[in-house]
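Chains as they are written, first to last, in this note's numbering: chain V, 1 to 137; chain R, 138 to 274; chain X, 275 to 411; chain E, 412 to 548; chain Z, 549 to 685; chain G, 686 to 822. Written out below as structure tokens is the structure these notes cover.
Protein chains: 6
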Amino acid sequence: MATCVVARKVQFCAAHRLHNPGKSDEWNRTTFGRCNNPNFHGHNYEVEITVEGEIDPETGYVVVADRLKRIADEHVVANLDHKNLNLDVPWFTNRLTSAEHLAVYCWDQLAGRIPTGRLTSIRVAENAVNSVEYRGA
Amino acid sequence: MATCVVARKVQFCAAHRLHNPGKSDEWNRTTFGRCNNPNFHGHNYEVEITVEGEIDPETGYVVVADRLKRIADEHVVANLDHKNLNLDVPWFTNRLTSAEHLAVYCWDQLAGRIPTGRLTSIRVAENAVNSVEYRGA
Amino acid sequence: MATCVVARKVQFCAAHRLHNPGKSDEWNRTTFGRCNNPNFHGHNYEVEITVEGEIDPETGYVVVADRLKRIADEHVVANLDHKNLNLDVPWFTNRLTSAEHLAVYCWDQLAGRIPTGRLTSIRVAENAVNSVEYRGA
Amino acid sequence: MATCVVARKVQFCAAHRLHNPGKSDEWNRTTFGRCNNPNFHGHNYEVEITVEGEIDPETGYVVVADRLKRIADEHVVANLDHKNLNLDVPWFTNRLTSAEHLAVYCWDQLAGRIPTGRLTSIRVAENAVNSVEYRGA
Amino acid sequence: MATCVVARKVQFCAAHRLHNPGKSDEWNRTTFGRCNNPNFHGHNYEVEITVEGEIDPETGYVVVADRLKRIADEHVVANLDHKNLNLDVPWFTNRLTSAEHLAVYCWDQLAGRIPTGRLTSIRVAENAVNSVEYRGA
Amino acid sequence: MATCVVARKVQFCAAHRLHNPGKSDEWNRTTFGRCNNPNFHGHNYEVEITVEGEIDPETGYVVVADRLKRIADEHVVANLDHKNLNLDVPWFTNRLTSAEHLAVYCWDQLAGRIPTGRLTSIRVAENAVNSVEYRGA
Chain V
1 MATCVVARKV
11 QFCAAHRLHN
21 PGKSDEWNRT
31 TFGRCNNPNF
41 HGHNYEVEIT
51 VEGEIDPETG
61 YVVVADRLKR
71 IADEHVVANL
81 DHKNLNLDVP
91 WFTNRLTSAE
101 HLAVYCWDQL
111 AGRIPTGRLT
121 SIRVAENAVN
131 SVEYRGA
Chain R
138 MATCVVARKV
148 QFCAAHRLHN
158 PGKSDEWNRT
168 TFGRCNNPNF
178 HGHNYEVEIT
188 VEGEIDPETG
198 YVVVADRLKR
208 IADEHVVANL
218 DHKNLNLDVP
228 WFTNRLTSAE
238 HLAVYCWDQL
248 AGRIPTGRLT
258 SIRVAENAVN
268 SVEYRGA
Chain X
275 MATCVVARKV
285 QFCAAHRLHN
295 PGKSDEWNRT
305 TFGRCNNPNF
315 HGHNYEVEIT
325 VEGEIDPETG
335 YVVVADRLKR
345 IADEHVVANL
355 DHKNLNLDVP
365 WFTNRLTSAE
375 HLAVYCWDQL
385 AGRIPTGRLT
395 SIRVAENAVN
405 SVEYRGA
Chain E
412 MATCVVARKV
422 QFCAAHRLHN
432 PGKSDEWNRT
442 TFGRCNNPNF
452 HGHNYEVEIT
462 VEGEIDPETG
472 YVVVADRLKR
482 IADEHVVANL
492 DHKNLNLDVP
502 WFTNRLTSAE
512 HLAVYCWDQL
522 AGRIPTGRLT
532 SIRVAENAVN
542 SVEYRGA
Chain Z
549 MATCVVARKV
559 QFCAAHRLHN
569 PGKSDEWNRT
579 TFGRCNNPNF
589 HGHNYEVEIT
599 VEGEIDPETG
609 YVVVADRLKR
619 IADEHVVANL
629 DHKNLNLDVP
639 WFTNRLTSAE
649 HLAVYCWDQL
659 AGRIPTGRLT
669 SIRVAENAVN
679 SVEYRGA
Chain G
686 MATCVVARKV
696 QFCAAHRLHN
706 PGKSDEWNRT
716 TFGRCNNPNF
726 HGHNYEVEIT
736 VEGEIDPETG
746 YVVVADRLKR
756 IADEHVVANL
766 DHKNLNLDVP
776 WFTNRLTSAE
786 HLAVYCWDQL
796 AGRIPTGRLT
806 SIRVAENAVN
816 SVEYRGA
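Below you can see the structure in the form of structure tokens.
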């Protein structure tokens, strides 16, 4: 049986602000720069979900492509798309809305729901130059 | 003298919300869908600035590349990058923050400041599939 | 009233073959090269639909973004996506399935259905290097 | 001696259909959705070939760039480009033409032919959002 | 007969330097900045060639795709790819190697050689943010 | 504590030539082909810097984004952008200016300067199809 890694990208756009309420305004401005703007800014985010597993000889797939997309749409995109990450997503109430934390969020939403194979990586890109990858705890 | 068209792209990321305060919440939700989210969402915007003019035989340029970039940075990017278009940019106080209006805004900021040649088009893309182009009144 | 041009991209993937049945096999092979392969080949196609019109001050839009997408999905993507252009799309029964003809097909499907503004261009790209644009008869 | 990983992308376009002849039409439609279209559909495929090895101090290369390209063109692109994967490529006679199997096919074609270094990964992308990676048995 | 516009991209990489020998070193540094580096710098250039004409009902093409590519390869890419524009291309002996002039060069090389239809535009991009377009004298 | 991988891309354009002075002209032409052009050629290079570390709960970052960018700009981009790699960068005096060696150069410049986390990979792309990755000695 051949093992293969499957990756699927989904996208969402959202507003957010990097701000640590336990720190001074000065610390926040110095640490986060323009990302600390009080009225938020936003991005077109791209999330790449990677699943590893054996190729099913009946389908040729590691995981049926449409099922993976439906799970990502339901448990990641529906919660984040056209939202304010700081105000509209309860998971971020006590967490900074960094790309690192977004990757952990996506992992938590998806790791237990992959129908065949197992989640091995979440990559989150905020733009064409910055991205993070989380591979689980 | 050869006439040539020069295009330069700049980028910014911003939060915004489409909402017409003179209309009902129902109308706004129906017309703008998820773009009406009360807490804003956001994009990585790309602006392409097009200038037409004669090639200067001393420089080979229609417009000195660095000067065009500096003007765009000062009069467009500095005002919009890491901002909330609805709350942080006075020009939008009484205007919807659609890509169409963003293109008109960029035109108004730049048309009188092009050092050589003349501004012929502003193209604003909100993402990889949606864009608008404004060519002046 | 400001006039603006709005562009939206949609995508589909399809099989096709370039073959003129009124010509010899030799002529077809010479003219179309590998695109004449009897068992078809295929592409991820991208269609950019451009609409020009006045910006509606109540919406900030030339055309409501979601309506344009829905029309394109219903009258272009649904007919072409995951299809064989030669065998599954009746419009091509007596026409070569070139990118040029695809652009004319999209125009014919969309020109009468744009709710506000008017269709001004259809651009069809077969890949990252080849595209055609049709602006109406 | 420094070890380095070299990656090269090649492209081809092809028609294909996902269909398991040992299963019912109903099963095939449910499992493969639109990818089961009887008359095929197609893609612009991208294959990224990764080779790991020591940098040769005489060339600065892990593997001479042109040789790697020529091997990929001869043993992958020539067999797949402008072809119908189901009908024109004997390797797929008894295999589903999924991206996973395409990656295994490319591996089998290339693993024994890398002149210096060793093949470590084949990544196949069907479009901008779906890809698979195979790293050998 | 339907009129259509066909565009094809070709690529080349080259070294160049912006320097006007009739001006002082100071003027050259101020005008061209880092592009004036005495030992040259370089780019991956992209040239998009646009041809307008009627669709030939026998081929479905405005211009046979392979012929256009062969002409571009022979008369543009072969002369510029892996070259130093200042030292290896005689046309630039007395001209600045700006993108504007490159577009004029490509036009001069191609305008008389388009087999069907007529050349309407040459777009030259030096990178992802800067491009110029020349539409003839 | 969650471990995460952060990647940032920077870009530069440069001229270079592949030539081993200890070998014959014939050997150089055969081995490097057009990359051996005596007057140099050039590229728009892209460098992706990957840092792995624990997410700092006070910032949500593995490494403060702006600090990483400033270090890359100061120790990589400033040395290579708009330069001739063979003539302007002393590190290459006795080394071939291959992408492999560029990756090692960037590693040497950055590995000791990452403020939090540790450098795990440098990926250098010369164009859209060729890239190399170096993960340290």
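No residue lacks a Cβ here, since even glycine has one placed at the ideal position from N, Cα and C.
Practice prompt. Find the residues of chain V that neighbour Val749(G), judging by a C-beta separation of less than 7 Å, and give them in chain order.
Written response: Thr31
Worksheet entry | C-beta neighbour in chain X for Ala620(Z), strict 7 Å | no
Worksheet item: Got a sec? Which residues, its chain only, sit under 6 Å from Leu787(G) by beta carbon, not counting five neighbours each side?
Response: Val809
Discussion item. At a CB distance below 7 Å, what residues from the stretch 139 to 167 of chain R approach chain Z? Give them in sequence order.
Written reply: Ala139, Cys141, Val142, Val143, Ala144, Arg145 and Lys146
Fill in: Reference Gln11(V); option with closest CA among Ser435(E), Glu465(E), Ser509(E) and Val540(E)
Val540(E)
Practice prompt. Give me the Cα-Cα distance between His760(G) and Cys561(Z), rounded to the nearest whole angstrom.
Written response: 25 Å
Discussion item. To the nearest angstrom, how far is the alpha carbon of Phe366(X) from that of Trp655(Z)?
Written reply: 35 Å
Discussion item. Can you find the residues in the same chain that come closer than 6 Å, C-beta to C-beta, to Glu234(X), ignoring five residues on each side of it along the sequence?
Written reply: Any property of residue 234(X) remains undetermined from this structure, which presents chain X solely from 275 to 411.
Fill in: chain X residues whose Cβ lies nearer than 9 Å to that of Asp492(E)
Arg308 and His315
Worksheet entry | According to DSSP, residues forming a beta bridge with Thr187(R) | Ala144(R) and Ser258(R)
Practice prompt. Express the C-alpha separation of Pro57(V) and Leu491(E) in angstroms, rounding to a whole number.
Written response: 22 Å
Worksheet item: If we count Cβ pairs, one from each stretch, closer than 8 Å, do we get three or more for the stretch 324 to 341 of chain X versus the stretch 298 to 311 of chain X?
Response: no
Worksheet item: So is Ala647(Z) buried or exposed if we call it buried at 16+ other beta carbons inside 10 Å?
Response: buried
Practice prompt. Look at the alpha carbon of Val338(X) and the alpha carbon of Gly570(Z), and state the distance between them as a whole number of angstroms.
Written response: 55 Å
Fill in: DSSP-derived helix/strand/coil call for Tyr105(V)
helix
Worksheet item: Using DSSP with H/G/I as helix, E/B as strand and the rest coil, what is Ala346(X)?
Response: helix
Discussion item. Which same chain residues end up closer than 8 Å to Gly117(V) when comparing Cβ atoms and leaving out the 5 residues on each side of it in sequence?
Written reply: Val6, Val51, Glu52, Gly53, Glu54, Val62 and Val63
Item to complete: Return no unless some Cβ of chain V is closer than 7 Å to the Cβ of Leu233(R).
Response: no
Worksheet item: Alpha carbon to alpha carbon, what distance is there between Asp484(E) and Ala530(E)?
Response: In the sequence as presented, Ala is not what sits at residue 530(E); that position holds Leu. Their Cα atoms are separated by approximately 16 Å.
Fill in: Close-in-space but distant-in-sequence residues of the same chain around Thr3(V) (CB under 6 Å, 5 per side omitted)
Glu54
Item to complete: Please list, in chain order, all residues of the same chain as Leu292(X) whose beta carbon is under 7 Å from its beta carbon, the five residues on each side excluded.
Response: Phe306, Cys309, Asn310, Leu370, Thr371 and Ser372
Discussion item. Between Asp108(V) and chain R, is any beta-carbon pair separated by less than 7 Å?
Written reply: no
Worksheet item: Helix, strand or coil: which one does DSSP assign to Phe717(G)?
Response: helix
Item to complete: Could you tell me the distance, in whole angstroms, from the CA atom of Asn127(V) to the CA atom of Glu437(E)?
Response: 42 Å
Worksheet item: Just curious, the alpha helix (DSSP H) that Asn223(R) is in, first and last residue?
Response: Leu222 to Asp225
Discussion item. Measuring straight from C-alpha to C-alpha, what distance separates Arg683(Z) and Tyr456(E)?
Written reply: 34 Å
Practice prompt. Could you tell me whether any Cβ in chain X is nearer than 7 Å to the Cβ of Val266(R)?
Written response: yes
Worksheet item: Thinking just about the alpha-carbon of each residue, which of Asn450(E), His427(E), Leu479(E) and Ser435(E) is nearest to the one in Ile525(E)?
Response: Leu479(E)
Worksheet item: Rounded to whole angstroms, how far is the Cβ of Asn724(G) from the Cβ of Asn642(Z), which I believe are closer than 8 Å?
Response: In fact, because the Cβ distance is near 18 Å, the residues do not count as touching under 8 Å.
Discussion item. Along the chain, where does the beta strand (DSSP E) containing Ser816(G) start, and where does it finish?
Written reply: Asn815 to Tyr819
Worksheet item: In angstroms, rounded to a whole number, what distance separates the CA positions of Ala385(X) and Arg70(V)?
Response: 33 Å
Worksheet item: When DSSP labels each residue in this structure, what does Phe314(X) get in the three-state scheme?
Response: coil
Worksheet item: Can you tell me whether Ser542(E) is buried or exposed, with buried defined as 16 or more other CB within 10 angstroms of its CB?
Response: buried
Worksheet entry | Among Ser161(R), Asn157(R), Ala274(R) and His178(R), the one whose alpha carbon lies nearest that of Leu87(V) | His178(R)
Worksheet item: Hey, would you say Ala763(G) sits closer than 7 Å to Ala563(Z), going by beta carbons?
Response: no
Item to complete: Check whether the Cβ of Thr333(X) lies closer than 7 Å to any Cβ atom in chain R.
Response: yes
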